[in-house]
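Enquirer:
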Amino acid sequence: MSTTATQRPTCSCGHDRYHHFARPDMRYGVGGWLNFFNGISAQPKEIIFRCGRCGEAFETTRDPAVMRAFRRYPNMDGQP
Ligand SMILES: [Zn+2]
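If you're matching positions, the sequence shown starts at 2 in this note's numbering and goes up one per residue.
1) Buried or exposed, going by whether 16 or more other CB atoms sit within 10 Å of the CB of residue 23?
2) Does DSSP put residue 65 in a helix, in a strand, or in coil?
3) According to the Cβ coordinates, are residue 13 and residue 47 closer than 7 Å?
4) Among the residues of its own chain, which have a CB less than 8 Å from the CB of residue 65, if the five just before and after it don't count?
5) For residue 71, which three-state DSSP category applies?
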């Protein structure tokens with residue numbers, strides 16, 4: 002039994018948000034697109050992680066640290 006850190010949610014096949022099967026789906030609130038056009042780097046409101054294999058949405062996060070990381074590296078592979 003592991004005593005380390007926090008357990009991240011996984012899909013049925015066991016992929017967590019850092020697996021390359023995971024597809025971060027950025028959700029921007031109203032006005033997010035306007036920021037896009039104005040050149041402001043929009044911070045997503047939340048990210049829904051979906052597995053590219055089973056299609057399951059296994060995690061929704063609003064953690065600013067996570068959102069920053071995935072905004073910069075949308076196809077990030079491996080852990081920070
Ligand atoms: Zn899966």
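C-beta atoms are modelled at their ideal positions from N, C-alpha and C, and glycine is treated no differently.
Expert: By the coordinates alone:
1) buried
2) helix
3) no
4) 44
5) helix
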